[in-house]
Every structure is written in C-alpha cells, then in structure tokens.
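Chains as they are written, first to last, in full-length UniProt numbering: chain P, 1 to 432; chain X, 1 to 432; chain E, 1 to 432; chain W, 1 to 432.
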C-alpha cells in the first residue's frame with residue numbers, strides 16, 4: 001500500500017484490528033452454532049461473546065513464539081474468556097477462519113468499489129448529457145476521422161464502466177463464500193450446519209466443496225476483474241491525456257489555485273492525475289498473474305497463496321478504490337473547451353466529410369474504386385496544405401466530380417453526423 | 001499456434017477462409033438490410049448472395065498493393081459480383097466487418113470450449129462417483145493431514161470447472177456483440193437498423209455504443225476468463241503429477257503400449273501429459289496481460305490491438321481447447337490405485353487421527369493447550385520413527401492421556417472422516 | 001507464429017528440418033567424441049556422418065507410436081545408418097540433444113536480432129545526424145516544455161537500443177551453453193569430454209552443472225531481455241504515433257503509392273506501422289512471465305517448460321525480429337516536417353522560454369517564489385489566449401518584472417537551448 | 001510493503017527521510033558544482049551544507065498546497081537556509097533530483113541484494129560440500145531416474161545463484177546513472193559539468209542522453225532481473241517442498257521448539273517457509289510487467305512511471321531481500337536425512353540402474369531397440385510390484401539377456417554414478 005494512493009474506508013478493511021474482529025465474529029458465531037447442535041455448552045458460546053476480546057500487540061507477541069497466527073489469536077482470546085475458550089474453534093482448522101475472513105474482506109472491498117463505480121457512472125452520465133451535442137472530431141489512429149460529440153465519448157465510457165460494474169458484482173459473488181469444513185474439508189469434526197449458520201450470519205454463501213481452503217480460482221477471477229476495470233480506467237485517462245496535449249487542448253484536468261505544474265517551467269499545466277491513473281492501472285493489472293498462479297495449490301492446500309494475498313488483497317483493492325475516486329474527480333471537474341473542439345474539427349479543410357462525398361458519388365453511379373480515387377486525390381491536396389485548402393472547393397473544381405455544388409455543400413453539414421446521437425444515448429442511458 | 005497442441009475444429013475457426021466467409025456474410029446481410037431500408041436496390045443484395053465469392057490468394061495479392069485487408073476483400077468480391085458490388089459496405093467502416101467477425105469467431109470458439117468443459121465435467125462426475133468412497137490421505141503442505149476420498153478430490157475439480165463454465169458463458173456474452181456503426185460509431189452513414197438486422201442474423205447482441213471499434217474491455221474479460229480456466233487446468237494437472245510421483249504413486253496417467261518414457265531409462269513412466277498441461281496453462285495465462293493492454297486504445301481507436309489479437313485469438317482458444325481435451329482424456333483414463341492410497345494413508349502410524357484425540361481430550365476437560373502438548377509429544381515420536389511406531393499405542397501408554405483404550409481406539413476409525421461425503425456430493429452433483 | 005509478422009531467416013531456425021539437422025549434428029559430433037575416447041568404434045562415427053539422414057514425415061510417423069520425439073528421430077536415422085547407429089546417443093539423454101539444440105537455435109536467433117539492432121542503430125544514427133539541429137518542442141506530460149532537436153530524440157533512441165544490444169549479447173551468452181551430461185547430469189554414462197567436444201564444435205560454452213536439463217533461469221533471462229527490447233520498440237513507436245497526430249503532424253510514416261488508409265475515409269494516412277509495433281511489443285512482453293514460470297522445474301526436471309518453449313521460442317524471436325526490421329524501415333523512411341516542428345514550437349506565444357526568465361529573475365535578486373509567481377501570472381495569460389498573446393510582450397509590460405527589454409529578449413533565443421547538442425552527440429556517437 | 005516480509009536495512013532505503021536526505025545531497029552537491037563554475041556564490045553553496053535541513057511533516061504540509069513534492073522540499077529547505085536557498089536547483093528540473101535519487105536508492109538496494117546473494121552462496125557451498133557424496137535419487141518428472149548426490153543439487157543451486165549475482169551486478173550498473181540535464185535534457189540552463197560532478201560524488205555514472213528523465217528501459221531491465229532471481233528462489237524452494245513431502249521426507253525445514261504446524265493437527269511439520277517463498281516469488285515476478293510498461297513514456301516524459309515506482313521500488317527490493325534471507329536461513333538449517341535418501345533410492349528394486357544395463361547390452365552387440373525392449377519388460381514387472389521384485393534378479397533370470405550375472409551385478413553399483421562429482425564441483429566451486 002502506498003499511503004498517497006489510498007483512502008481510509010478501504011484501508012480500514014485491511015488493518016489487523018479489522019481482520020481479528022472478523023476472526024472473532026467467525027469463531028463466536030461458529031461456537032453459537034456448535035452450542036445449538038449441543039456440541040458445546042450454550043454458556044460457553046455466551047461467554048465468548050460476553051468476555052471475548054483481543055489485543056493486536058499481544059497476538060503478535062504470541063505469534064513470535066508459536067509462528068502460527070490463528071493459534072496466537074485463540075490463545076489471546078482465551079486469556080480474556082477463560083476456560084470456556086476451549087470450546088472455540090472446535091473441529092475447525094485455521095483456514096476456516098482465514099478464508100472466511102478473506103471472503104468478508106473482499107465482499108466489503110467489493111461494496112466500496114461498486115459504490116465507487118456508481119459515483120463514477122453518475123458523473124459520466126451528467127457530463128455526457130451536458131456535452132451530448134458538443135461536436136468534436138472523432139479520431140482513429142490519432143488522425144481526424146469524422147465528427148462525433150464529446151457526450152458520445154462519455155457515453156462510451158459510461159457503458160464500459162456499467163459493464164465493469166456488472167462484472168464486479170459477479171466477481172463479488174464468486175469470492176463471497178464461507179468455508180467451515182475442518183482440516184481437509186470433510187466436516188469430520190464439525191457439522192456442515194456450522195458452516196451454513198456462519199455463512200448466514202456473515203452474508204456469505206456456502207462453499208459447496210472446500211479442501212482445507214476455499215478454492216483460489218474464485219480469487220483469481222476476482223483480481224482478474226479488477227485488472228479489467230483498471231484497464232478501462234487507463235483508457236479514459238489516456239483519452240484525457242490526449243485531449244490536454246498542447247496542440248489539442250480540448251479539455252483539461254482542473255488546475256487548482258496554488259498548484260504548480262513544474263519547478264522549472266511556470267507555464268505548465270500537466271495532466272498529472274490521468275498520467276498517475278495510467279500508472280496505477282499498470283499496478284492493478286500486475287496483480288492478476290500472481291492471483292492466477294495461486295490457483296494451483298498442492299493437494300488439499302499449500303500456503304503459497306497466503307503471502308501473495310497479503311500483498312494483493314489490500315494493494316489491488318486500495319489502489320483501485322483510489323483510482324476510481326480520482327477518475328471520478330477528474331471527470332467531475334474536467335474543464336471542457338467546446339470552441340477549441342470545433343476549431344480542431346474544422347482545421348483540416350473539411351477532410352472529415354470525405355466519406356460522405358465518396359458515398360454520394362457511388363450512389364450517383366460512380367464505381368467505388370473511382371469514387372475513392374477521386375476523393376482521395378483532392379483530400380491529399382488538402383492534407384498537404386495543412387488545412388489551408390478546402391476540400392469542398394477543390395471538389396467543386398474537379399471536373400470528374402459529377403455532383404452539383406449544392407449536392408456537395410450538403411455533404412459538408414455537421415448536423416448530419418449527429419442525427420443518431422439520441423438513439424445511442426437511449427441505448428446507454430435508457431429513454432430520456 | 002503449435003500444431004501439436006491444436007485440434008481441427010478450433011483451428012478451422014481461425015483460417016483465412018473461415019474469416020472471409022464471415023466477412024462475406026456480414027456484408028451480404030448488411031446489404032440485405034440496406035435494401036430493406038431502400039438505400040440500395042434489392043437486386044444488388046440478391047446479386048451479392050448469388051454471385052458473391054472470394055479467393056484467399058487473390059485477396060492476399062490485392063492486399064500487397066493496397067495494404068488494407070478489407071478493401072482487398074471487397075475488391076476481390078466485386079470481381080465476382082460485378083457492378084452491384086458497389087452497394088456493399090455502404091456507410092460501413094472496416095472495423096464494422098472485422099470486429100463483428102471477431103465476435104462471431106470468439107462466440108464459436110466459446111461454444112467449442114463450453115462443449116469441452118461439458119465433456120470434462122461428465123468425466124469428472126463419473127470418476128468422482130466411481131471413487132466416492134475410495135479413502136486417500138488428504139495433504140496440506142504436502143504433509144499428511146486427515147483422510148479424504150479420491151472422489152472428493154474429483155468433486156472439488158468438478159465444482160471448479162462448473163464455475164469456469166459459468167464464467168465462460170458470461171465471457172461469451174461479453175464478446176458476442178455486433179457493431180455496424182460506421183467510421184466513428186455515429187451511424188452517420190448507416191442506419192442503426194442495419195446493425196440490429198445483422199446482429200440478429202448472426203446470433204449476436206447489439207453493441208450499445210461503439211467508437212470505430214467494439215470496446216476492448218470485452219475482449220480483455222474474455223481472455224482473462226480463459227486465463228482462469230487455464231489456472232484450474234494447472235491445478236488438476238499438478239494434482240495428478242503429485243499422485244504419480246514414485247514415492248506416492250496413487251494414480252498414473254494411462255501409458256499406452258508402445259509408448260516410451262525415456263530414451264535412456266526404459267523403466268520410466270512419466271506424467272508427461274499433465275506436465276504438458278502445466279506448460280500450456282502458462283501460455284494461456286500469458287495472453288491475459290496483452291489483452292488487457294489492448295483496452296486503452298487511443299480516441300475512437302488505434303490499431304495496436306489488431307496484431308495482438310492475430311496471435312491470441314487463435315493461440316489462446318486453440319491451446320485451451322487442446323488442453324481441456326487432453327485433461328479430459330487424462331482424467332477419463334487415469335489409472336487409480338486404491339490399495340496404494342490406503343497404504344500411504346496408513347504409513348504414518350496413525351498420525352492422521354491426531355486431531356480427533358486432541359478434540360476428545362478437550363471434550364474430556366483438558367485445556368486446549370495441554371491437549372495439544374500431549375498429542376504433539378507422542379505424534380513427534382511417531383513422526384521421527386518414520387511411521388514405525390503407532391500413535392494409538394503410544395497414547396495408550398502415556399499416563400497423562402486420560403482417555404480409555406476403547407475411547408482412544410474409537411478415535412482411529414477411518415469411517416468417521418467419510419460420514420459427510422454424501423452431503424458434499426449432493427451439494428456438487430445434486431441429489432443422488 | 002503469425003505469418004504476416006515473420007521474416008524467413010528467423011522462421012528458418014525454427015522449422016522441424018532445422019531442428020532435426022541440429023540434432024543430427026549434436027549426435028554425430030558426440031559420436032566422434034565417443035570414438036576419440038575409444039568408447040565406440042571410429043567407423044561407427046564415420047558411418048553416421050556418411051550415411052546419416054532423416055525425414056520429417058517419417059519421424060512424425062514413428063513419434064505417433066512411441067510418443068517420444070528423440071527416440072523417433074534416432075529410429076529414423078538408424079534406418080539410414082544401419083547397425084552402427086546403435087553407437088549413437090550412447091550414455092546421453094534426450095534432453096542433452098533437445099537443450100543443446102535449443103541453445104544453438106537461440107544463439108542463431110540472437111545473431112539475427114543483434115544484426116537487426118545493428119541495422120536499426122545505423123539508421124538511427126544517420127537520421128539523428130541529419131536532424132541534429134532541427135529544432136522541435138520538447139514535451140513533458142504532452143505539454144510544451146522547452147526546445148530540443150529532433151536529432152536529440154533520435155540520439156536518445158540510439159543510446160537506448162545500444163544498451164539493448166549489450167543486453168542481448170549478455171543474454172545470448174547466458175543461453176548458449178551445451179549440456180551433454182546424461183540422464184540426471186552426473187556424466188555417469190558419458191565422459192565430460194564429450195560435452196566439451198560438442199560445445200566446441202557448436203560454438204557453445206559448457207554448462208558447468210546441469211540436471212537432466214540446462215537450468216531455465218538462463219532462458220528466463222533471455223526472454224526477459226527480449227521483453228525489454230520490445231518495450232523500447234514501443235517507446236519509439238509511440239513517439240512516432242504522437243508526432244503523426246493530425247494536430248501535431250511533425251513526422252509521418254512513409255505512405256506508399258497505392259496504399260489506402262481507410263476503406264471509408266479516403267483522406268486518411270494513419271501511423272499503422274507504429275501502432276502495429278505497439279501491439280507486437282505487448283506480445284513479446286507477454287512471453288516473459290511464462291519463461292519465468294518455467295524456471296521452477298521439479299527436481300532434476302519436469303517437462304512443463306517444453307510446451308512453453310515450443311510457443312515462445314519461435315514466437316518471441318520471430319516477432320521481435322519482424323518488429324525490429326519494421327521499426328528500422330519506419331525510421332529509415334520517416335517523413336520529417338521541420339517547418340511544422342518550428343510552427344508548433346512557436347505556437348504557444350513563447351511560453352517555452354518561461355524558465356529562462358525565471359532564472360534570470362532569481363539571478364537578478366528576486367526570490368524564487370516571487371520569480372515563479374511573476375512568470376506564472378503572465379504565462380497563464382498566454383496559455384489562456386491559446387498562444388495569441390506573447391509572453392515576451394506581457395513580461396515587458398509587467399511593472400514588477402525588473403529585467404530590461406533587451407535582457408528579456410535575450411531569454412527568448414532558441415539557440416540558447418541547443419548549445420550542448422554537440423556534447424550529447426559526442427557522448428552517444430563518440431567524437432564527430 | 002508487507003511488514004512481516006521486510007527487513008530493516010532495505011526498508012530504511014525507502015523511507016521519506018532517506019529519500020529527502022538523498023535529495024538534499026543532490027541539491028547541495030549540484031550547488032557546489034555551480035559555485036565551482038561561478039554560476040552561484042561559493043558562500044551560497046556553503047550555506048546550504050551548513051544550514052540545510054528539512055522536516056518530513058513540513059514538506060507534506062507544503063505539498064498539500066503546491067501538489068508538487070520537489071517544490072515543497074525546496075521551500076522547506078529554504079526556510080532553514082534563508083535567502084541563499086534561491087541558488088539551489090538553478091537550471092535543474094524536478095526529475096533531475098527524483099531520478100538521480102532513485103538511482104542512488106536502487107544502487108543501495110542492489111548492494112544489499114548482492115550481499116544477500118553472497119550470504120546465500122556461502123551457505124549453499126558449505127551445504128554442498130557437506131553433502132557432496134550423499135547419494136540421493138535423481139528424479140525427472142517426479143519419477144525416479146538415476147542416482148545423484150544431494151551436494152550436486154546444491155551445487156546446481158549455487159551455480160544458478162552465482163549467475164543471478166552476475167546479472168544483478170549488470171542490472172545495478174544499468175540503473176546507477178545520474179541525470180542533471182534540465183527540463184528536457186538539453187543542459188540549456190545547467191552545464192554538463194554539474195552532472196559529472198554530482199555523479200562522481202554519488203558513485204553513479206553519467207547518463208549519456210536523458211530527456212526530462214532517465215530512460216526507463218534501465219529500470220525495466222533491473223526489475224526483470226529481480227524477477228529472474230525470484231524465479232530461482234521459487235525453484236530451490238520447490239525442491240525443498242518436494243523433499244519434505246511425507247512420502248519423501250529426505251529433508252525438512254528446521255522446526256523450532258514452540259512452533260506449531262497446525263491449530264488442529266498436532267503432528268504436522270509443514271514446509272511453510274519455502275511455500276511462503278513460492279508466493280513471494282510470484283509477487284516479485286508480478287512487478288516485472290508494470291516496469292516494462294513504464295518504458296514507453298510519452299515524448300520527453302510523462303509521469304505515469306512514478307506511481308508504479310512508488311510501489312515496486314520498495315516492494316520488489318524489500319520482498320526479494322526478505323526472500324533471499326529467508327532462503328539462506330532455510331538452507332543453512334535444513335535438516336537432511338541421508339538414510340531416508342538411500343532408502344528411497346533403493347525402493348524401486350534397482351530400476352534406477354536400468355540404463356546401464358541397456359548400454360551394456362548395446363555394447364554387447366544387441367540393437368538399441370531390442371535392448372530397450374528387454375530392459376523395459378523386466379523394469380515394468382519391478383514397477384508393477386512397487387519395488388518388491390528386484391530388477392537385477394529378473395534380468396539374471398531372463399534368457400534373452402545375454403550378460404553374465406557378474407556383468408549384471410557390476411551394473412548395479414552406486415559408486416559408478418558418482419565418479420564425476422569431483423569434476424562438477426571443480427567447475428562450480430573451482431579446485432578444491
């Protein structure tokens with residue numbers, strides 16, 4: 001975890017205190033269930049809730065001797081609860097606690113990330129509607145293509161993050177399972193009822209078949225999903241970075257008073273937030289492969305996944321939470337320059353309308369190859385003039401181009417390109 | 001693609017012929033839709049279906065000049081169709097064809113992979129039921145833990161691949177979308193009806209908002225899902241490799257007559273298929289990150305994703321198809337040695353029953369710490385004797401162990417560990 | 001391998017014919033050495049060279065039965081050589097042949113890649129010298145910073161690829177080792193002299209200690225190095241893509257007559273080669289992790305690395321060879337527009353000189369904070385005017401700016417920024 | 001950083017205090033150089049050394065306003081130094097400080113890692129010599145092959161980590177460069193002498209050509225090298241994990257008094273340290289791809305690499321340092337069971353000697369194919385008997401096997417396999 005790229009709510013999920021608190025709840029609920037089954041005295045279960053407590057430092061101290069964290073935890077809790085503590089953890093194995101705890105943590109982390117996505121979606125929709133009809137040049141390969149609107153770009157982002165939201169909900173379901181099945185998953189020393197009971201209390205589903213651990217394909221899918229979301233963040237961040245380039249300058253990250261862009265060059269206003277998001281996306285993606293390598297544990301389990309999860313559990317969720325919030329902030333305050341968009345759109349002498357002319361020529365009976373050749377030879381002149389020449393005027397003057405001036409002028413109408421924006425918005429946001 | 005790791009049905013999806021055939025269908029259906037809209041003559045659409053044809057070599061030849069594959073294809077088709085060919089591709093952009101084609105290919109590939117998973121699930125269920133009550137030692141950290149059954153191991157694998165099946169169906173939905181929206185996704189020169197029409201004909205959903213391309217978060221999710229499936233393959237393969245180790249030898253890959261394990265050592269029977277699967281899993285996982293890096297295309301698209309997809313489209317699906325089929329074969333014919341499983345289970349002098357004694361002692365009023373100490377000191381003697389000493393006998397002889405001989409003997413019952421196998425099987429396979 | 005991204009010389013290394021030819025040489029040289037030791041008859045060694053031959057199809061046929069490629073090869077060669085063939089492979093294990101062959105292939109591949117880098121370096125130096133003093137704006141964060149020259153950009157690329165060349169030579173050394181040490185690397189059945197002899201004949205070094213195989217850390221380092229080179233390719237490709245953007249247009253990939261940029265938009269000239277290189281870089285990087293996962297083979301070896309290497313051996317080297325050659329072609333023919341570079345440089349009203357004014361003010365006794373504030377407030381006006389206002393004029397008019405007009409004008413001299421270009425070129429290319 | 005996987009010396013490199021201290025030294029040395037050039041007063045340089053100081057909290061406070069860390073640092077130092085502080089950072093850009101600082105940190109981290117490798121190499125050599133002649137079965141594919149010695153396994157590890165040491169030294173050289181070249185690397189406002197001066201003071205080489213930043217191919221190579229080292233750690237850790245398996249049990253991690261293997265199963269002694277190392281290796285490898293993605297910064301730099309490096313700079317070096325030290329501890333105290341090794345070696349009824357018989361038969365004139373068939377048919381009987389039958393006895397009894405009993409017995413001599421151990425040790429460790 002890098003403190004500057006973290007937010008407190010997500011960090012709170014991953015503190016030792018939070019972890020031990022979940023452990024305690026799992027153990028206490030499990031003892032309740034055991035009491036209900038008559039395996040342990042009801043008084044013992046009550047005593048655990050009543051007197052149960054722990055201290056992180058004390059657990060650490062015991063762990064240094066036992067080299068086993070769950071035993072250290074149980075020993076510390078027993079110091080508070082007294083003799084009834086021996087009824088805790090009956091028939092359970094450490095992983096029952098650890099893996100179910102991780103499930104709770106990842107479910108909580110997912111809830112924050114889903115809320116992050118919701119906040120982002122709200123902002124994207126608002127800005128999309130705001131710029132629904134703000135014309136801007138669409139670019140393929142970084143080269144001017146045909147007009148779009150800035151709202152369409154944002155609608156695209158909205159649709160992408162809405163897909164990510166659905167994926168994250170599926171990923172949350174995948175990891176939110178409870179396993180309390182004993183040393184190798186056979187329930188030899190603990191009744192399946194306990195698992196069902198604890199799962200119910202914690203809002204988890206029951207792991208249908210565990211070994212000693214919850215199978216790690218679930219977690220691999222979870223972290224892979226975070227990697228996809230991070231990639232979408234990078235995409236939108238890259239868009240902003242391009243728009244803020246000096247030569248383009250169609251939009252800018254908000255630059256707060258007092259902010260300094262460069263220690264050496266006072267004139268600089270840099271897209272540092274979206275560049276930062278690009279880097280954060282690399283990190284979240286970097287955690288995907290270790291998560292996948294965790295799947296092939298040996299036999300009923302080895303513990304190689306554990307160290308990996310101590311890193312990526314917090315790091316991936318904290319980083320993605322921060323990145324989503326930062327992206328939301330960037331998009332919320334993004335300074336948009338519609339005039340500059342229009343200026344850029346028009347700078348290439350009308351080249352962006354070339355396709356319409358091509359189509360009109362073919363409609364008028366010219367072969368596709370000839371039409372392409374006719375348009376291209378005039379387009380290239382405009383291109384070489386750096387936008388000083390006008391495609392419309394050149395076409396009017398080209399004797400092989402058989403369209404009338406009026407017909408040609410009609411093909412250079414910007415509104416023509418925007419006639420289906422409503423259709424697309426309806427697809428993305430529902431009926432207006 | 002590595003020919004030895006490929007199967008013909010999946011390879012067939014990725015041939016140039018297959019690709020151009022899909023292109024042709026997209027163009028022809030689109031022209032039908034345009035004819036229905038009255039944009040092009042119905043006769044033109046009919047002519048395309050009637051006379052349309054292409055030759056891979058000819059397309060390659062044209063592409064060498066134009067350096068543009070879709071234009072080369074259209075030119076070649078036009079050579080067959082004649083003048084009506086100019087009504088093809090009206091208002092469309094190359095990516096409308098390419099991306100929709102990729103959607104069809106990935107959907108077909110998914111169908112094969114889903115069928116592969118179905119075949120694997122059938123085998124896993126059959127073998128799981130066959131060995132439902134075959135006792136074997138459960139191992140954590142490679143160390144004997146407590147008894148399980150071999151059927152439980154297979155049930156676990158079944159549950160994992162059933163999850164993978166569900167994930168793959170979701171991933172298929174994600175990529176099976178049709179975009180025919182023109183140069184930058186605005187439908188400026190083509191009515192959205194065409195997209196809906198072609199999508200319907202090809203069994204795809206409509207892309208709600210495209211740029212020039214279908215957004216690549218969809219494909220990233222698809223390949224990430226394949227990476228998870230590959231990781232599950234590695235897990236089961238690793239299990240077999242462990243079981244076939246000389247010292248364990250509880251199961252073996254089927255060794256066909258005539259097969260040679262080693263050029264130098266005639267006695268060798270090696271788990272080469274599952275080792276191979278381990279390597280193939282690495283490859284399929286290796287394609288995940290490039291797919292994620294493809295998401296952040298510039299503006300309305302750049303073409304950097306295309307080369308990546310020319311590799312990973314075929315390579316990931318062909319490799320995974322082969323791997324799933326190979327795994328199915330391995331599991332189908334896996335030679336299982338129940339006697340050896342039992343022999344191994346019993347070799348550590350009853351250590352695997354240590355937990356039950358621990359629990360019985362705590363139930364009898366001994367503190368957890370004392371019980372742990374009592375069992376551990378006897379267990380360590382057995383351990384150090386390499387299984388020559390018997391834990392049961394040592395415990396009987398330990399004066400501090402307050403359980404009676406009969407009570408102790410009861411704790412060494414194998415059946416005790418298997419009493420919930422039915423419960424777990426019902427969870428995984430439904431009611432018997 | 002994707003045919004369109006491959007070149008024949010590199011492909012030739014990886015054909016079955018080429019592989020079997022290397023196998024034959026290893027076996028024949030080894031038999032020579034065994035003959036020299038008196039272990040086998042000299043006539044046998046001679047017979048192998050004289051009569052030895054193989055057919056790929058026949059080997060495949062035998063392998064289908066034996067499921068072992070080296071045995072199939074030896075059987076086929078024996079069909080040609082006759083009884084003396086039994087002296088081949090004496091005391092060797094398959095991996096002696098396979099791994100030494102891979103070493104030869106990777107060494108050959110390295111030689112091609114080194115030659116590719118040499119060709120690229122020549123082009124980069126030529127173009128760097130050509131544009132040594134071509135001023136262009138340096139950009140950080142995509143925002144105009146201060147002037148550089150286009151030659152400096154290319155000198156930077158040259159230095160980077162020169163580093164990559166040195167790394168590749170080291171990586172070649174790492175993999176170019178010969179192991180002929182028998183079944184588990186003990187030389188039990190073959191004298192170390194054979195290894196030394198064959199290594200000498202093939203231009204390889206001797207593997208100091210092998211197991212059954214050459215250790216895979218060597219190959220991991222090799223493929224990691226290719227991944228770094230690919231990343232450098234991506235960097236230079238990205239630079240070109242940026243320079244070709246419509247709004248920047250300071251350089252363009254060469255656009256051949258007959259080439260079509262878009263099926264729909266005749267005016268387009270897209271940086272498709274460098275976009276393609278960006279994608280190819282992703283692929284080469286994607287092979288790094290599988291290569292690293294190959295290191296941890298079990299005990300004296302398992303064969304999981306083999307399938308991985310069947311993919312990445314050819315795919316990584318063929319793709320990188322193609323990419324280096326394509327990049328060399330792009331840089332060789334890159335169309336550079338110095339006038340546009342100058343126009344862009346000047347477009348921001350002199351903002352790029354802001355730092356010099358800042359420094360001059362501090363030299364004149366103004367505190368750094370005040371100087372920063374003074375320059376920034378004028379710079380921001382220029383920025384907001386989209387370059388319509390002139391920083392120089394604003395500064396002259398600012399009463400708090402204590403520098404004289406002449407002093408200010410001096411700070412706006414372009415030559416000032418280029419005075420150390422010679423120094424840097426001498427560092428990179430040596431004395432002129 | 002995960003505290004439990006970190007050691008103080010490496011952590012100390014990455015604290016804010018340590019970073020700011022290096023920044024201060026860079027700035028102070030640079031001011032000395034500027035004074036030597038006569039650009040700033042010598043008194044100013046002296047004042048900076050004399051009065052310069054900083055407080056982490058104060059820097060953080062200023063950064064919250066300026067959103068620029070180097071400006072915040074300079075402002076804080078100026079609060080201590082007074083007016084002479086304006087001579088600091090003259091003509092420099094933030095990256096001159098940041099990148100040179102990172103170079104110092106990575107060089108220091110490399111020095112610790114090299115020392116770690118040295119310590120590991122010492123232990124590996126000691127244990128290798130100790131077990132130079134301890135016979136153990138060599139295994140390929142997890143299947144018994146032929147005898148090796150445990151010392152050979154360790155010699156192999158030694159050679160591998162010696163290679164890694166050489167690679168790390170090269171990687172250190174790659175990143176240990178100093179860039180003080182101003183805003184876009186042109187030295188426009190700072191003489192190259194300053195760079196040379198500071199580089200000399202800090203023990204770095206001079207970056208031949210920088211942009212605003214030191215090129216990131218250097219760092220990519222560095223982190224890739226760490227990934228290879230991590231993979232070697234995984235390999236040796238995996239070896240230990242295999243050896244400690246219950247059925248193998250040829251070696252064990254040292255198990256300290258008081259340590260508990262399982263909360264539920266008192267008999268367990270698990271290879272948790274080497275499993276942990278397996279997981280840590282995954283993490284270090286996971287940082288390689290982000291480092292490579294950092295190479296393609298835009299133009300003269302963007303800041304996307306920065307966030308990545310804030311994670312992987314500390315995380316990769318701290319984790320690898322911890323892992324190397326842990327591995328050294330494991331190998332230092334590894335409990336080795338030579339008797340068990342011998343017992344395992346002998347358990348397969350002499351199968352491990354099958355190749356020698358095969359060779360002897362071919363030497364005696366039997367064709368390779370016939371010899372293979374003869375040995376295999378007897379070997380398979382032994383295999384099927386689970387080692388109860390003796391290969392030697394079966395061969396004696398096989399009428400087609402033409403070797404005498406004495407000749408056969410000679411082929412079952414263990415010493416035969418160890419005769420070149422000295423040769424190999426001399427290659428790895430030099431002359432004894």
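Note that beta-carbon positions come from the ideal geometry of N, C-alpha and C, so glycine has one too.
Residue i versus residue j - alpha carbon distance
i	j	result
residue 382 (chain X)	residue 356 (chain X)	16 angstroms
residue 132 (chain E)	residue 235 (chain E)	20 angstroms
residue 293 (chain W)	residue 289 (chain X)	11 angstroms
residue 192 (chain X)	residue 313 (chain W)	50 angstroms
residue 231 (chain W)	residue 238 (chain W)	10 angstroms
residue 306 (chain E)	residue 218 (chain E)	14 angstroms
Burial state of residue i (16 or more Cβ within 10 Å)
i	result
residue 377 (chain W)	exposed
residue 163 (chain P)	buried
residue 30 (chain E)	buried
residue 61 (chain P)	exposed
residue 404 (chain X)	exposed
residue 275 (chain X)	buried
residue 385 (chain W)	exposed
Other residues of its chain near residue i: CB distance less than 8 angstroms, five sequence neighbours each side excluded
i	result
residue 58 (chain W)	76, 79
residue 390 (chain X)	349, 350, 382
residue 134 (chain P)	149, 150, 151, 336, 338, 341
Cβ neighbours of residue i in the same chain (closer than 7 angstroms, five flanking residues each side left out)
i	result
residue 144 (chain P)	137, 348, 351, 352
residue 180 (chain W)	30, 92, 96, 100, 190, 194, 195, 198
For residue i, three-class secondary structure by DSSP
i	result
residue 131 (chain P)	coil
residue 137 (chain E)	strand
residue 215 (chain W)	coil
residue 145 (chain E)	strand
residue 388 (chain P)	coil
residue 518 (chain P)	With chain P covering only 1 through 432, there is no way to say anything about residue 518 (chain P).
Are three or more beta carbon pairs between the region 146-159 of chain E and the region 120-131 of chain E nearer than 8 angstroms?
yes
Any 3 or more C-beta pairs closer than 8 angstroms across the region 5-24 of chain W and the region 316-327 of chain W:
yes
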